[in-house]
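For the sequence shown, the numbering used here begins at 354 and goes up steadily by one.
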Amino acid sequence: VGVLIGLPLGLFALVAIPGALLIARYGAISIAITGLFACALAAAARGAASSVWSLYAATIVMGAGISIMQPTLPTLVRAWLPGHSGLGTAITTNGMLIGVTLGPALTIPLVLPMVGGSWRFDLVAWAAPSLLAAILFAVFAPRGRAAEPSDAPQRWWPDWTNPLIWLLGLTFGCNNAVFYGANAFVPDYLNSAGHGDLIGLTLGWLNGSQLVASFVLLLTAERLQRHIWPFTVFGPLTFVGLISIALGHGLWIVLAAAVTGFAAAVTFVVTFALPPILSPPDDVHRMAGGMFTISYAIAVITPAICGAFWDATGVPWTAFLPVGLCAIVLTVSGTVLSLRSAAH
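And the structure:
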């Protein structure tokens with residue numbers, strides 16, 4: 354199970370730059386459609402896996418499909434909505450968070466009963482929305498020169514000497530690390546603290562509050578961009594929420610989880626919108642590719658560090674120290690990025 358969770362995250366880091374290369378050669382629209390189809394077909398193929406190795410292989414292809422598609426999102430936001438990058442990003446991340454939330458929320462009460470309790474048919478059922486999205490995208494995606502491959506040679510390898518890529522990767526990576534680290538260790542921590550009855554409620558609010566935030570941001574995203582306060586307010590709130598989960602009791606833990614999820618969602622959306630704002634139109638794909646490579650590497654490594662802290666100290670709440678540090682770094686690096694975007 355751990356490998357199945359970690360494989361896509363690793364691929365998000367490894368395949369983001371090849372995704373930028375494919376965008377430069379074939380255009381963002383073509384690669385977005387290709388990535389969606391690859392994700393859908395491989396996700397469904399996992400349901401037909403005959404061994405753990407074929408299950409891993411299909412998961413790798415699925416993760417690669419998502420990975421080559423991700424750099425297309427900020428590229429298309431810049432191409433389709435050059436004057437409204439905040440709104441375009443809010444809509445994009447709203448869709449991402451809906452997917453993240455509905456999958457776990459509906460599998461046990463709705464989808465599994467519909468497919469006779471079969472995990473294989475469950476995986477096939479959840480591949481169907483991705484396939485539908487690929488078809489709709491192929492039919493209705495607006496074509497335009499800005500979203501198509503250029504006749505002139507395009508660069509695709511990130512400029513690793515540009516500190517902006519590292520700032521973006523560090524900020525987005527710390528944000529992702531908070532999400533994955535908290536979701537990974539909240540259940541075990543609550544069990545160890547004698548609050549096992551709160552696991553479902555805490556995880557529900559940790560993830561559900563992000564969805565609430567994404568809908569709020571649909572109305573306010575344009576007002577958040579190029580300002581430092583989303584990071585100076587919601588970065589510290591993320592830190593306070595994480596510490597409160599670790600040190601709280603009873604329903605205060607649930608409230609802290611809701612605050613953590615909401616605050617992290619705000620900084621997630623604001624950071625995701627920065628590559629289209631800070632990059633020239635023909636450079637968004639490689640800026641985004643570099644950002645995803647760095648950020649998902651951080652997201653993969655941080656939960657392992659959290660576990661190492663718990664093992665080394667024998668004190669469960671210390672697992673939250675690395676993600677708490679990530680919240681602090683997120684606040685500082687995000688503030689620096691906002692100052693740069695305001696001056697851009």
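For each residue, glycine too, the CB sits at the ideal point set by N, CA and C.
Taking C-alpha positions only, ALA535 is separated from PHE673 by approximately 8 Å. Excluding the 5 residues flanking it on each side, THR671 has same chain C-beta neighbours closer than 7 Å at PHE662 and TRP663, in chain order.
Using a Cβ distance threshold of 8 Å, LEU690 and LEU590 do not count as a contacting pair. Inclusion of ALA491 and ILE386 in the CB contact set at 8 Å is warranted, their separation being smaller than that value.
The C-alpha of CYS659 lies about 8 Å from the C-alpha of VAL676. If you check the CB distance, ALA530 and ALA411 do not come in under 8 Å. For SER483, the enclosing alpha helix (DSSP H) stretches over residues 472-493. Along the length of the segment 399-429, whole alpha helix (DSSP H) runs at least 4 residues long occupy 405-422, reported in chain order. For ARG639, the enclosing alpha helix (DSSP H) covers residues 637-666.
With distances taken between CA atoms, GLU575 lies nearest to GLY439 out of VAL612, GLY439 and ALA650. The Cβ-Cβ distance between PRO427 and PRO629 falls below 8 Å.
Under a 10 Å Cβ-count criterion, MET467 is classified as exposed, with fewer than 16 other Cβ atoms of the shown protein chains found around its own Cβ. Three or more Cβ pairs drawn from the segment 631-647 and the segment 416-433 lie within less than 8 Å of each other, which places the two stretches in contact. For LEU450, the secondary structure class from DSSP, reduced to helix, strand or coil, is helix. Judged by DSSP secondary structure, GLY557 falls within the alpha helix (DSSP H) whose first and last residues are 552-577. By the C-beta criterion, the segment 548-566 is judged not to be in contact with the segment 577-584, since fewer than 3 inter-stretch pairs fall below 8 Å.
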